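Student: Protein chains in written order, with the working numbering: chain S, 2 to 288; chain A, 1494 to 1816; chain Y, 2 to 263.
Ideal Cβ placement from N, Cα and C applies to all residues, glycine included.
These figures come from a predicted structure and were not determined experimentally.
One structure is given below, represented as structure tokens, and several questions about it will come after.
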Amino acid sequence: MLELCLLGLPAGAEVAVTDDQGRMVRLHQPAGRIIALYGAFNEILADLGQAELIVARTAADELPASILCKPSIGTHLRPNAELILALRPDLVLQLGGRSEAMEPVRFLEERGLTVAVFDMENFPQLFSTMERIGTLTGCEHAAKEQVATMRAELERIRSSRTGTRPRIFFEVRYPNLLAAGQESIVSEIMSLAGGINCVQIPNKLVRLGEEEVLRLDPDIYLMQHGPMNPIPVPLPERPFFRTLSSLREGQFFVVDQGVFSRPGPRSLEAVRQLSRIVHGWQNRSRP
Amino acid sequence: MAAAALLSIYVALFFGSYPLTAGAIHEALASWFHGGADTQAMVIVRDIRLGRVLLSFLTGSALAVSGAVFQGLLRNPLADPFTLGISSGAACAAALALALGWTLPGLSTLPLVALTGAFAAMFMVLALSRLAGGFSRENLVLAGIVVSTFLGAIIALIKSLNEESVSAIVFWILGSFQGRGFEHVQLMLPYLVPGMALVLGFARELDILALGAEQAVQVGVAVARVRIALLIGAGMLTAAAVCVSGIIGFVGLVVPHLVRMLMGPESRPMLLFSALGGGVLLLWSDVMARTILHHGAELPVGVVTALFGAPFFCLIMARGRRT
Amino acid sequence: MTMGKMVHVEGLCAGYDGQQVLHDLTLNVSRGEFMAILGPNGSGKTTLLRALSGVLSSVKGSIHIADQDTCRLSARGRARLCATVAQKNPDLSALQVLSLVLMGRYPHIAFLGGYSDADHDCARRAMQETSSLHLRSRHAGTLSGGELQRVIMAKALAQDTELLLLDEAASNLDVARTVDLYELLRARNLNGLTILTVAHDLNLAALYCRRLVFLKGGRIVADGPTQEIFTSHLLSDIYETPIAVVPHPITGAPQAHLLPRA
Chain S
2 MLELCLLGLP AGAEVAVTDD QGRMVRLHQP AGRIIALYGA FNEILADLGQ
52 AELIVARTAA DELPASILCK PSIGTHLRPN AELILALRPD LVLQLGGRSE
102 AMEPVRFLEE RGLTVAVFDM ENFPQLFSTM ERIGTLTGCE HAAKEQVATM
152 RAELERIRSS RTGTRPRIFF EVRYPNLLAA GQESIVSEIM SLAGGINCVQ
202 IPNKLVRLGE EEVLRLDPDI YLMQHGPMNP IPVPLPERPF FRTLSSLREG
252 QFFVVDQGVF SRPGPRSLEA VRQLSRIVHG WQNRSRP
Chain A
1494 MAAAALLSIY VALFFGSYPL TAGAIHEALA SWFHGGADTQ AMVIVRDIRL
1544 GRVLLSFLTG SALAVSGAVF QGLLRNPLAD PFTLGISSGA ACAAALALAL
1594 GWTLPGLSTL PLVALTGAFA AMFMVLALSR LAGGFSRENL VLAGIVVSTF
1644 LGAIIALIKS LNEESVSAIV FWILGSFQGR GFEHVQLMLP YLVPGMALVL
1694 GFARELDILA LGAEQAVQVG VAVARVRIAL LIGAGMLTAA AVCVSGIIGF
1744 VGLVVPHLVR MLMGPESRPM LLFSALGGGV LLLWSDVMAR TILHHGAELP
1794 VGVVTALFGA PFFCLIMARG RRT
Chain Y
2 MTMGKMVHVE GLCAGYDGQQ VLHDLTLNVS RGEFMAILGP NGSGKTTLLR
52 ALSGVLSSVK GSIHIADQDT CRLSARGRAR LCATVAQKNP DLSALQVLSL
102 VLMGRYPHIA FLGGYSDADH DCARRAMQET SSLHLRSRHA GTLSGGELQR
152 VIMAKALAQD TELLLLDEAA SNLDVARTVD LYELLRARNL NGLTILTVAH
202 DLNLAALYCR RLVFLKGGRI VADGPTQEIF TSHLLSDIYE TPIAVVPHPI
252 TGAPQAHLLP RA
């Protein structure tokens, strides 16, 4: 993959893309020092073989492992603008979608840095972001190949789905139950993997009462494990859920928050994992 | 009023996102006495709805009574569980537990941690007040403000150091009965019952304290001891409420004022009616919190009480000025 | 210590926050006395009264009331022996008058107990005596200064003690009400109540009290029967201003008159 990049644009050529704020982001030459304010950008860079361009990370980012030795520039929600300026990046990447995300962007731009804002709330946006990052780092071709590979795998999984589509519930947090709604990337992951999100509310995150879970009575119950839900409580230990079908049939699973809830290259892995769970459900031995 | 409370508890069982007929609800209730299989309706009516309705009622009672006591004790109409830093203590401890991922085996960790925090904050306030020269109204309010501001800063610190836990902390601070039930009723009772008994037992002394400490001593009230007993009683009530529900504002402030306007200031009836009124208010606020949005989505009940409590409080203040 | 003494104070030093107001004060009051404590501002009158009623904590020396050491008594025990009418009344706004008067019965009720019929009777009698019975369902906040003072007086009488302490109890009252109050005190005194009152009005004290105690600088400077010590010489000396004393035209009690300093 690295060779593909080297075959790309010659150094010194100007690169430009339009970011998701509708602005033209122009660099005189492909970016050489990049700071991402959201972890998945680092994963994208690593997949493109460009991990060495990363000069810093936010406190919680751990992927790829090579960035652990890089300095931290604060947290994802509150990056430290001074630390960023001091590292003199030629490109800063920020995740769009939240209005607060634009505050550091404005601050950094006023001080002469180039910032690109990309949305990644679903697979089309993820692919488009990957391609544009490829352009900005001078390996457009590698990025396109990468995206094509991922699209192909998604297509393969999509076409292999058969039978009844299970109704899936995704628990973001419990206690104080929080579920993934229709606008969450988790919903798209479910539908690609051959299921449907049983929570019909058109939000990313939805607070639900236990009673509503009983009403929905999902076929598969997923609970994420990660900072939002540090200790997933096993379903059998929840008194209110004792009549759920997914509990009776053992169709409840713990999945990784980083893989499922954070849009990025790993979202494909989430589809892979969930598709296996869906197949398991479809082939379960019925009592 | 007691009848209204019972009726409220019964009627509230009919609200919820899972469609159930009146017959199914009655059957589920009856199954309590003659047993029966674990049906969906039973889980919903008995465990989820009834548990939650009772818990919100008891929490409302505890908050209203402790608010009434703090107002009487500090002779400050704006006093409530927040003034003495008790709620902040509970919130701070809960935030710490959420951020550090503490767990105790076999127990619901958060309520116990919150309870400890509530008491720690209260004793901090008492100690500070004592250091400043005694449990006078000014010292207590001042110490309360100092402690709650300090704890508020610690919460902010925890939040900014732990972005991943922010949503859980914020949710907890907004207060909710989501997913709570009988197990939490059991958890709060050991604090609710003695707290209520202590406060009602010293209701007459609370009245006399309105004369001021000096005159209260002159008619025979052991002022220092009574103040501490009432503080501990009201503190236990606050802690009981906060540890099962997080922080819920306005109930402790609005209900005692309203009851005092209707019933006069005499403590014993005022406390009893505050208990009933607070219970009914919070019960219906929670029904609203869990049914007002579509598809079973929930609001934190603290949002409901604050949303309705604040304008309502303005109304009371305006009326109070006219009369 | 002899029986029959209502108040026995010995070597009393008292004050606030390290500032001593009363110095080594000794005072005996027999049962049935009606005594006024007089003296210029800052002489320690109110401090003495507060020490007697048990609200001052930094007290040296001993105070006995009805032969009991008040330091060893609980607040409730003290309140059964002596009732106090303070100089200032708190803001009681919405409190009902009857509830307020009933508070005087607090030292007599059992822990957790309620007010009995006997307590209500006692409160009613006290309100009758102070002509405040008609106010019983009013809120304390709606009363005039004089009405409130009578209600507070009723509360003290309802306390049913042998000793009554008053601090400028007539300060809010007009002349007629002032006389009413002192007549009431005299009647109660004739029924055996021992009364100690702090007074500013020299003439009123001389008119009703049989014994006067003058304080100055935290010490007793004069103490004796009214007729003997209420003299022009002594008063001028204590108040550091010329004062003439003449007998009351009707009762013959000594009365003080200020002289312009020409």
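Thinking just about the alpha-carbon of each residue, which of Leu209(S), Glu213(S), Leu236(S), Arg285(S) is nearest to the one in methionine 224(S)?
Tutor: The residue with the shortest Cα to Cα distance from methionine 224(S) is Leu236(S).
Student: If we define contact as Cβ-Cβ less than 8 Å, is glutamine 97(Y) a contact residue for chain A?
Tutor: Yes, because at least one Cβ of chain A sits closer than 8 Å to the Cβ of glutamine 97(Y).
Student: Quick check on arginine 99(S): buried or exposed, where buried means 16 or more other Cβ atoms within 10 Å of its Cβ?
Tutor: Arginine 99(S) should be labelled exposed.
Student: Tell me whether the beta-carbon of leucine 185(Y) lies closer than 8 Å to the beta-carbon of glutamate 130(Y).
Tutor: Closer than 8 Å, so yes.
Student: Less than 8 Å between CB atoms is the rule here; does leucine 113(Y) satisfy it with respect to chain A?
Tutor: It does; some Cβ of chain A falls within 8 Å.
Student: So, with DSSP's three-state summary, where would you put asparagine 204(S)?
Tutor: Here asparagine 204(S) sits in coil by DSSP.
Student: Is leucine 155(S) near leucine 193(S), with beta carbons less than 8 Å apart?
Tutor: Against a cut-off of 8 Å, the Cβ pair of leucine 193(S) and leucine 155(S) comes out as a contact.
Student: Name the chain A residues whose beta carbon is nearer than 7 Å to that of valine 207(S)?
Tutor: Going along chain A in sequence order, the residues near valine 207(S) (Cβ under 7 Å) are Ala1790.
Student: Could you please tell me which residues of the region 1675-1688 of chain A, in chain order, have their CB closer than 8 Å to any CB of chain Y?
Tutor: So the list is empty, because no residue satisfies the distance condition.
Student: Chain S partners of arginine 1488(A), CB-CB under 7 Å?
Tutor: The requested residue 1488(A) is not part of the displayed model; chain A covers only 1494 to 1816.
Student: When the Cα of leucine 209(S) is compared with those of Leu1723(A), Ser1641(A), Gly1582(A), Gly1672(A), which residue comes out closest?
Tutor: Residue Gly1672(A) is the option with its Cα nearest to leucine 209(S).
Student: To the nearest angstrom, report how far apart glutamate 213(S) and glycine 195(S) are at their CA atoms.
Tutor: Answer to the nearest angstrom: the Cα atoms are 23 Å apart.
Student: Going along the region 154-180 of chain S in order, which residues come within less than 7 Å of chain A, judged by CB to CB distance?
Tutor: The residues in question are Arg174, Pro176, Asn177, Leu178.
Student: Counting only Cβ pairs nearer than 8 Å, list the residues of chain A close to threonine 115(S).
Tutor: Chain A residues near threonine 115(S): none, gap ~25 Å exceeds 8 Å.
Student: Helix, strand or coil, according to DSSP, for threonine 47(Y) in the structure here?
Tutor: Three-state DSSP puts threonine 47(Y) in a helix.
Student: Whose CA, out of Ser1629(A), Ser1559(A), Gln1679(A), Ala1611(A), lies closest to the CA of alanine 1584(A)?
Tutor: That would be Ala1611(A), whose Cα lies nearest to the Cα of alanine 1584(A).
Student: What does the alpha-carbon distance come out to for the pair serine 67(S) and phenylalanine 170(S)?
Tutor: The straight-line gap from Cα to Cα measures roughly 35 Å.
Student: Buried or exposed: glycine 1599(A), going by 16 or more other Cβ atoms within 10 Å of its Cβ?
Tutor: Because glycine 1599(A) carries a pLDDT of 49, less than 50, the predicted location of this residue cannot be relied on, and the following value inherits that uncertainty. Looking at its Cβ environment, which holds fewer than 16 other Cβ atoms inside 10 Å, glycine 1599(A) is exposed.
Student: Taking the alpha-carbon of leucine 1774(A) as reference, which of Thr1532(A), Ala1790(A), Leu1751(A), Cys1807(A) has the nearest alpha-carbon?
Tutor: It is Leu1751(A) whose Cα lies nearest to the Cα of leucine 1774(A).
Student: If you reduce the DSSP assignment to three classes, tell me which class leucine 36(Y) lands in.
Tutor: For the record, residue 36(Y) in the displayed sequence is methionine; it is not leucine. Of the three classes helix, strand and coil, the one that applies to methionine 36(Y) here is strand, per DSSP.
Student: Name the DSSP beta bridge partners of serine 266(Y), please?
Tutor: Nothing in the structure corresponds to residue 266(Y), since chain Y is present only between 2 and 263.
Student: Using the beta-carbon of each residue, which ones in chain A are nearer than 9 Å to arginine 79(Y)?
Tutor: Those within 9 Å of arginine 79(Y) in chain A are Val1710, Gln1711, Gly1713.
Student: Would you say the region 138-158 of chain S touches the region 104-121 of chain S, given that touching needs at least three Cβ pairs under 8 Å?
Tutor: Output reads no: the region 104-121 of chain S does not touch the region 138-158 of chain S.
Student: At what residue ranges does the region 1561-1609 of chain A contain a whole run of the beta strand (DSSP E), taking only runs of 3 or more?
Tutor: As far as the region 1561-1609 of chain A is concerned, it has no whole beta strand (DSSP E) run of at least 3 residues.
Student: Taking only beta carbons into account, state which residues of the region 39-59 of chain Y come closer than 8 Å to chain A, listed in chain order.
Tutor: Against chain A - using a Cβ distance shorter than 8 Å - the residues of the region 39-59 of chain Y are Arg51, Ser54, Gly55, Val56.
Student: If arginine 32(Y) sits next to glycine 5(Y), beta carbons under 8 Å apart, how far is it from one beta carbon to the other, in whole angstroms?
Tutor: Right, their Cβ atoms sit about 6 Å apart.
Student: Under 8 Å, do proline 255(Y) and proline 248(Y) count as touching if we go by C-beta distance?
Tutor: For proline 255(Y) and proline 248(Y), yes; Cβs fall inside 8 Å.
Student: Leaving aside the five residues before and after leucine 127(S) along the sequence, list all residues of the same chain whose C-beta is less than 8 Å from its C-beta, in chain order.
Tutor: Closer than 8 Å at Cβ, skipping near neighbours: Met121, Pro264, Gly265, Pro266, Ser268.
Student: Quick check on leucine 28(Y) - is its C-beta less than 8 Å from some C-beta in chain A?
Tutor: No, because no Cβ of chain A sits closer than 8 Å to the Cβ of leucine 28(Y).
Student: Under three-state DSSP, which class holds isoleucine 35(S)?
Tutor: In this structure, isoleucine 35(S) counts as strand in the three-state DSSP scheme.
Student: Given a threshold of 16 other Cβ atoms within 10 Å of its Cβ, counted over all protein chains shown, does histidine 135(Y) qualify as buried or as exposed?
Tutor: Its Cβ having fewer than 16 others within 10 Å, histidine 135(Y) is exposed.
Student: Determine contact between the region 1700-1710 of chain A and the region 1545-1557 of chain A, defined as no fewer than three beta-carbon pairs at a distance below 8 Å.
Tutor: They do not touch, by the three-pair rule.
Student: Under 8 Å between C-beta atoms, does phenylalanine 128(S) make it to chain A?
Tutor: With 8 Å as the cut-off, phenylalanine 128(S) does not count as an interface residue toward chain A.
Student: At 3 residues or longer, and completely inside the region 184-238 of chain Y: list those beta strand (DSSP E) runs for me, N to C.
Tutor: 195-199, 212-217, 220-226, all fully within the region 184-238 of chain Y.
Student: Going by DSSP, what residue range makes up the beta strand (DSSP E) through cysteine 83(Y)?
Tutor: Looking at the DSSP string, the run of the beta strand (DSSP E) that includes cysteine 83(Y) is 83-86.
Student: Could one say the Cβ of phenylalanine 241(S) lies closer than 8 Å to chain A's Cβ atoms, at least one of them?
Tutor: With 8 Å as the cut-off, phenylalanine 241(S) counts as an interface residue toward chain A.
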